[in-house]
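Worksheet: one structure, shown below.
Number of protein chains: 2
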Amino acid sequence: MSLTIALDAMGGDGAPEIVVDGADLARVRHPNVSFIFYGDEARLAPLVAAHSKLAAISTIQHTDIVVSGEEKPSRALRKGRGSSMGLAIDAVKKGDAQGVVSAGNTGALMAMAKLALRTLPGISRPAIATMVPTDKSECVMLDLGANIQCDERNLVEFAIMGEVFSRTVLGLAKPTIALLNVGEEDMKGHESVRQAAATLRDIDLPIEFIGFVEGDAVWSGAADVVVTDGFTGNVALKTAEGIVKMYSTFLRNAYKSSPLAMLGYFFSRRALNKMRAKLDPRRYNGAMLVGLNGIVIKSHGGTDAFGFSHAVGVAVDMIEGEFNERISEEFDHIGSFGVPTQNVASS
Amino acid sequence: MSLTIALDAMGGDGAPEIVVDGADLARVRHPNVSFIFYGDEARLAPLVAAHSKLAAISTIQHTDIVVSGEEKPSRALRKGRGSSMGLAIDAVKKGDAQGVVSAGNTGALMAMAKLALRTLPGISRPAIATMVPTDKSECVMLDLGANIQCDERNLVEFAIMGEVFSRTVLGLAKPTIALLNVGEEDMKGHESVRQAAATLRDIDLPIEFIGFVEGDAVWSGAADVVVTDGFTGNVALKTAEGIVKMYSTFLRNAYKSSPLAMLGYFFSRRALNKMRAKLDPRRYNGAMLVGLNGIVIKSHGGTDAFGFSHAVGVAVDMIEGEFNERISEEFDHIGSFGVPTQNVASS
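Sequences listed follow chains A and B, in order.
Those letters in the first sequence? Residues -5 to 341, by the numbering used here.
Those letters in the second sequence? Residues -5 to 341, by the numbering used here.
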């Protein structure tokens, strides 16, 4: 299956260089993919031309307009239509591309994608999902910040989307789903979390819901999909990033603390580099804006070409896994969930 | 100043052994402290007698009743009065001890302490606080699970209590206070968080409020006190624990992966052990139930004697720092905070 990915070539700290270099890395792993770069043609043309194989599968669509990293979503909606981000999203809407990747402003990307692409039928709110490493393998976590307040219905939708992702894109036969909470007992947590748990136990879908997990269990691989509201998810993910960074700093300082320790590092460095690669945030780059009528991937703004290529890979995997088609199939049964199909809290 | 600490000798996985051994370790560091052990005298007497110096400063108060780790707070309130936990709390209420330490059930401890000791004047809800390591030094975080839902008023109270702790117990001249949020901009996050920020900017107390911090900034030492609701705080703290455990597992596996890596470990192990000691959760053991009219410390249920001795140390520091007296002084000015003194959401 040949695919086209629309790239916001001007989003992120290292744009447009890392976007072009990242696309070139992704090209090697995904030879069936071609690219449309949206952005400043004068800057993009020589960068793309420098990679002859990439140039052969790429087109450039010029725009001067860029949504800045600090732009408020509301303002991006007003003035962002003709921006590199807006045009890349429109390419998916018009069918010129099957997915879009941007390392730009998350809030603007979500707002513009929601307006242009709309949510899939039956879904009240899209969410941001990502893969995280665990002791055992990996886990899908959502929402990570799109929805600061979530009700029961939102959490149930996130659970189903996470399950579909895990099954179709990651290929797990029977992924386990859990809700993040402050304890494992039924009575624990917010009302929305408790109600979502009751619904997930009852609904007539083949979902392997295992109940509540606490913050530490996420990283020991207690579930394949961990569902939470966007506030908690954002704090948890950033906490995880912060701790990895702190631990790495402590480790580096430990090795530097004596000549003997440095010698030890010299002998162990191959094994340590392997471990570092496993925890490399670039390998987990590519947050998925799930629930939209189109594949939209947010790359970390500070990533490099290697990280950006991973985000492109996530888009390719979701398109090839027919993620949105599977989601739509699941949500055709939405009426039988035992929760109201239309929710007052959603907008 | 000579002090007496009441110990719930039957709470936690390793009780009563680790409680007695932990008290003996704490005795060395705090020679001005004596202990009252509450629990099964037949088991406690020989354990205490085995440490002659500890025996000289200890008394045992017998009870057969133990609040189990699974007990619901409501049930603990009904049948826990005569338990080792209940009697130890009562000792503080009656003035027989200046503080209580328990490694038992957190929910039961909070519920029983709240009923017996009441909150300090002006405080609507107590919170659970703890110290966490950062890149730079340490940080106080609260709430960690006592209050699943928090309004503006609760968060402001937590901020003031955290500030007082940092200043009086840790001795920081001008501790910085931040609210945990999903971004640094004013418009980010829940309404309660945004309102609390506005109040903390305005109140007439010498508080060094620096605004919002994200989950990763906690661990880079962005603030001396980080305030959040109990749901988010609990998830963040457990996430941190989970990541440290995962990282340690990866590190151990890396060292075991080849003879060369093992040799490297051999050379570096002194430095690595120092680093491990810095991250040792036992060093941060002793969560403070702040806002109560008495010093109440919750030890981790799975800790050992070393960890328990740290929890005792936290109690001693808070008593000697006159934490509750300072809190009361601050809250005498509560009327000038610009927030209602009585809150409908509090109970």
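We put the CB at the ideal spot given by N, CA and C, even for glycine.
No experiment lies behind these values; they were computed from the predicted model shown.
(Q) For a contact defined as C-beta to C-beta under 9 Å, what are the partners of A211 of chain B on chain A? (A) Indexing the second sequence from 1 puts residue 211 of chain B at position 217. Within 9 Å Cβ-Cβ: K232 and G236.
Q: Verify the CB distance criterion: does R69 of chain A have a CB-CB separation below 8 Å to chain B?
A: Mapped onto the first sequence, residue 69 of chain A falls at position 75. Cβ-Cβ to chain B under 8 Å: no for R69 of chain A.
Q. Is DSSP giving H184 of chain A helix, strand or coil here?
A. Residue 184 of chain A sits at position 190 when you count from the first residue of the first sequence. Residue state, collapsed to three classes: coil.
Q.
I'd like to know whether the C-beta atoms of A102 of chain A and V306 of chain A end up nearer to each other than 8 Å.
A. Taking the first residue of the first sequence as 1, we reach residue 102 of chain A at position 108. Taking the first residue of the first sequence as 1, we reach residue 306 of chain A at position 312. Cβ atoms of A102 of chain A and V306 of chain A: not closer than 8 Å.
(Q) At the level of alpha carbons, what is the spacing between M169 of chain B and M135 of chain B? (A) Start at 1 with the first residue of the second sequence, and residue 169 of chain B comes out as number 175. Start at 1 with the first residue of the second sequence, and residue 135 of chain B comes out as number 141. As written in the sequence, residue 169 of chain B is Pro, which differs from the Met given in the question. Taking the straight line from one Cα to the other gives about 13 Å.
Q: Determine the extent of the alpha helix (DSSP H) in which V150 of chain A is found, giving its start and end residues.
A: In the first sequence, counting from the first residue as 1, residue 150 of chain A sits at position 156. E146 to V158 is the extent of the alpha helix (DSSP H) around V150 of chain A.
Q: Might you give, ordered along the chain, the residues of its own chain that have their beta carbon closer than 7 Å to the beta carbon of V308 of chain B, omitting 5 neighbours on each side?
A: Counted from its first residue, the second sequence places residue 308 of chain B at position 314. So the qualifying residues of the chain are G280, M282 and I291.
Q.
Within the continuous alpha helix (DSSP H) that includes V308 of chain A, where are the two ends?
A. The residue labelled residue 308 of chain A in the question sits at position 314 within the first sequence. Counting along the chain, the alpha helix (DSSP H) containing V308 of chain A begins and ends at A299 to E314.
(Q) For S96 of chain B and A82 of chain B, which I take to be in contact (beta-carbon distance under 8 Å), what is that distance rounded to the nearest angstrom? (A) Indexing the second sequence from 1 puts residue 96 of chain B at position 102. Indexing the second sequence from 1 puts residue 82 of chain B at position 88. The Cβ separation is near 6 Å, so the contact holds.
Q) Using 8 Å as the threshold, is the region 200 to 220 of chain B in touch with the region 246 to 265 of chain B, meaning 3 or more CB pairs across them? A) The region 200 to 220 of chain B, when compared against the region 246 to 265 of chain B, does not touch it at the 8 Å Cβ threshold.
**Q.** Run of the beta strand (DSSP E) containing M135 of chain B, from where it starts to where it stops
**A.** Along the second sequence, read from residue 1 onward, the residue named residue 135 of chain B stands at position 141. E132 to L136 is the span of the beta strand (DSSP E), which, as asked, contains M135 of chain B.
Q: Measure from the C-beta of S341 of chain B to each C-beta in chain A and report whether the shortest distance is under 8 Å.
A: The count along the second sequence starts at 1 and reaches residue 341 of chain B at position 347. Its pLDDT being 34, under 50, S341 of chain B is placed unreliably by the model, and the measurement read from it follows with that caveat. So no, S341 of chain B is outside the interface.
Q) So, S262 of chain B versus G258 of chain A, is the Cβ gap smaller than 8 Å? A) Locating residue 262 of chain B in the second sequence gives position 268, where the first residue counts as 1. Locating residue 258 of chain A in the first sequence gives position 264, where the first residue counts as 1. Using a Cβ distance threshold of 8 Å, S262 of chain B and G258 of chain A count as a contacting pair.
Q. Counting Cβ pairs, one atom from each stretch, are 3 or more of them under 8 Å apart for the region 33 to 53 of chain B and the region 1 to 14 of chain B?
A. yes
Q.
Can you confirm whether the region 206 to 225 of chain A touches the region 169 to 186 of chain A when touching is taken to mean that 3 or more C-beta pairs between the two stretches lie within less than 8 Å?
A. yes
Q. So what's D2 of chain A in DSSP terms, helix, strand or just coil?
A. Within the first sequence, residue 2 of chain A is the residue found at index 8, counting from 1. Note: D2 of chain A maps to strand in three-state DSSP.
(Q) Just to confirm, is the Cβ distance from A265 of chain B to Y249 of chain A under 8 Å? (A) Residue mapping note: residue 265 of chain B aligns to position 271 of the second sequence, counting from 1. Residue mapping note: residue 249 of chain A aligns to position 255 of the first sequence, counting from 1. Yes. Within cutoff.
Q) With a cut-off of 8 Å, does the C-beta of R276 of chain A fall near any C-beta of chain B? A) Counting from 1 along the first sequence, the entry for residue 276 of chain A is found at position 282. At a cut-off of 8 Å between beta-carbon atoms, R276 of chain A makes no contact with chain B.
Q) With C-beta atoms as the reference, is F317 of chain B less than 8 Å away from T100 of chain B? A) Residue mapping note: residue 317 of chain B aligns to position 323 of the second sequence, counting from 1. Residue mapping note: residue 100 of chain B aligns to position 106 of the second sequence, counting from 1. No, Cβ-Cβ distance for F317 of chain B and T100 of chain B is not below 8 Å.
Q: Find out if the Cβ-Cβ distance for the pair G139 of chain A, G80 of chain A is shorter than 8 Å.
A: Your numbering for residue 139 of chain A matches position 145 in the first sequence. Your numbering for residue 80 of chain A matches position 86 in the first sequence. No. Outside cutoff.
Q | Partner residues on chain A for A346 of chain B, Cβ-Cβ distance less than 7 Å | A | Because chain B is modelled from -5 through 341, residue 346 of chain B falls outside the range shown and cannot be assessed.
(Q) With a threshold of 8 Å between beta-carbons, can T113 of chain A be considered close to chain B, or not? (A) By 1-based counting over the first sequence, the position of residue 113 of chain A is 119. No, because no Cβ of chain B sits closer than 8 Å to the Cβ of T113 of chain A.
(Q) Please report whether the beta-carbon of T297 of chain A lies at a distance below 8 Å from any beta-carbon of chain B. (A) For the purposes of this step, residue 297 of chain A is taken as the residue at position 303 of the first sequence. With 8 Å as the cut-off, T297 of chain A does not count as an interface residue toward chain B.
Q) Buried or exposed: H24 of chain B, going by 16 or more other Cβ atoms within 10 Å of its Cβ? A) As a first step, residue 24 of chain B is located in the second sequence; it is residue number 30 there, counting from the start. H24 of chain B should be labelled buried.
Q | Under 7 Å from the C-beta of I197 of chain B: neighbouring residues of chain A | A | For the purposes of this step, residue 197 of chain B is taken as the residue at position 203 of the second sequence. Chain A residues near I197 of chain B: none, gap ~24 Å exceeds 7 Å.
Q. Counting contacts by CB-CB distance shorter than 8 Å, is D7 of chain A in contact with chain B?
A. Within the first sequence, the letter at position 13 stands for residue 7 of chain A. Output row for D7 of chain A: interface = no.
**Q.** Minimum Cβ-Cβ distance from E208 of chain B to chain A less than 8 Å
**A.** Taking the first residue of the second sequence as position 1, residue 208 of chain B is located at position 214. Answer yes: the Cβ-Cβ gap between E208 of chain B and chain A drops below 8 Å somewhere.
Q) Tell me, which residues are paired with G93 of chain A by DSSP? A) Locating residue 93 of chain A in the first sequence gives position 99, counting from the first residue. DSSP, once it has assigned bridges, lists A:I(-1) and A:I289 as partnering G93 of chain A.
Q.
Using beta carbons (cut-off 8 Å, strictly below), is Y32 of chain B in contact with chain A?
A. Counting from one through the second sequence, the residue named residue 32 of chain B turns up at place 38. No - not a single Cβ of chain A is within 8 Å of the one on Y32 of chain B.
Q) What residue does the alpha helix (DSSP H) around V14 of chain A start on, and which one ends it? A) Taking the first sequence and counting its residues from 1, one reaches residue 14 of chain A at position 20. It spans E11 to R23 - the alpha helix (DSSP H) in which V14 of chain A sits, taken as one unbroken run.
**Q.** Per-residue contacts from V24 of chain B into chain A (C-beta, under 8 Å)
**A.** Reading the second sequence from its first residue, position 30 is the one you call residue 24 of chain B. Contrary to the premise, residue 24 of chain B reads as His rather than Val in this sequence. By Cβ distance, chain A contributes nothing, its closest Cβ being about 29 Å from H24 of chain B, past 8 Å.
Q: Could you please tell me which residues of the region 242 to 253 of chain A, in chain order, have their CB closer than 8 Å to any CB of chain D?
A: In the structure shown, chain D cannot be found, because the protein chains are A and B.
Q) Does M240 of chain A get closer than 8 Å to chain B when you measure Cβ to Cβ? A) For the purposes of this step, residue 240 of chain A is taken as the residue at position 246 of the first sequence. It does; some Cβ of chain B falls within 8 Å.
Q. Buried or exposed: which applies to Q143 of chain A, given that a residue is buried once 16 or more other Cβ atoms fall within 10 Å of its Cβ?
A. Taking the first sequence and counting its residues from 1, one reaches residue 143 of chain A at position 149. The residue in question, Q143 of chain A, is exposed, as its Cβ has fewer than 16 Cβ neighbours within 10 Å.
**Q.** Distance between P127 of chain B and A216 of chain B (C-alpha atoms, nearest Å)
**A.** As a first step, residue 216 of chain B is located in the second sequence; it is residue number 222 there, counting from the start. As a first step, residue 127 of chain B is located in the second sequence; it is residue number 133 there, counting from the start. Rounded to whole angstroms, A216 of chain B to P127 of chain B spans 12 Å at the Cα level.
Q: Taking only the alpha-carbon atoms, compute the straight-line gap between F342 of chain A and E208 of chain B and give it to the nearest angstrom.
A: Outside the shown range of chain A, which is -5 to 341, sits residue 342 of chain A, and nothing can be said about it.
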